[in-house]
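Below is one structure, written out as structure tokens, with a few remarks after it.
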Amino acid sequence: MEALERLLLQRVRSAHALTADAVADLRCFYGPELELAMATLDRPNLVGRYVPDPTLHGMPFYVVKDLETGARNLVIVQARFCGCEKHEACGTCRHLLAVYLIEALELPVQEANDHLTWEGVLMELLEKLCA
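Residue numbering for the sequence shown follows full-length UniProt numbering, starting at 1 and increasing by one per position.
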């Protein structure tokens with residue numbers, strides 16, 4: 001597991017700028033590697049991941065803490081659902097989940113829209129992971 005973690009972080013950190021190649025490189029990671037990246041979040045008070053018993057046919061979900069409001073909001077990536085008071089219309093909770101992942105992976109962010117690009121890639125990967 002540690003070898004996979006090192007490989008993942010090395011490959012992601014090797015991208016010094018956000019380029020098409022960097023995004024393509026991140027897209028090639030498989031679910032278990034991304035899960036390992038989630039485990040590197042050393043702030044469990046910000047993000048939690050829950051996987052229901054397979055016999056329940058439920059979807060994995062995340063609980064994300066909003067630092068501004070202090071609320072803990074449910075995010076079901078596969079259903080594109082955000083469980084705050086604005087529900088899926090806001091996307092804030094999905095964005096927070098992506099931001100925490102971007103920070104944990106130390107992804108290169110040089111421009112304002114880099115966060116959005118990484119967010120799209122990460123959400124796509126998490127959707128595949130949860131499928």
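The beta-carbon is built from N, C-alpha and C at its ideal position, and this holds for glycine as well.
Pick from the options that is closest to residue i, judged by C-alpha positions
i	options	result
N113	L67, E127 and H95	H95
L67	V109, Y100, L125 and L116	Y100
residue 140	C84, V63 and L97	Nothing about residue 140 can be read from this structure; the chain reaches only from 1 to 131.
T92	V75, F61 and I102	V75
Same chain only: Cβ atoms within 6 Å of residue i, ignoring 5 sequence neighbours per side
i	result
K65	L46 and R72
C84	N73 and C93
Local conformation of residue i per DSSP, three classes
i	result
R80	coil
L46	coil
L67	coil
V109	coil
Strand pairing of residue i, partner residues [DSSP]
i	result
L96	Bridge partners of L96: none, in fact.
E75	Inspection of the sequence shows that residue 75 is occupied by Val rather than by Glu. Answer is Y62 and C82, bridged to V75.
Same chain, Cβ closer than 8 Å to residue i, five either side skipped, listed in chain order
i	result
A17	Because the pLDDT of A17 is 48, which lies under 50, any placement of that residue in the model is unreliable, and the number read from its coordinates should be weighed accordingly. Taken in chain order, the residues that qualify are P108 and Q110.
T69	none
G120	none
Cut-off 7 Å between Cβ atoms - residues of its own chain near residue i, not counting five sequence neighbours on either side
i	result
I102	V109, H115 and W118
F61	Y50, L74, V75 and I76
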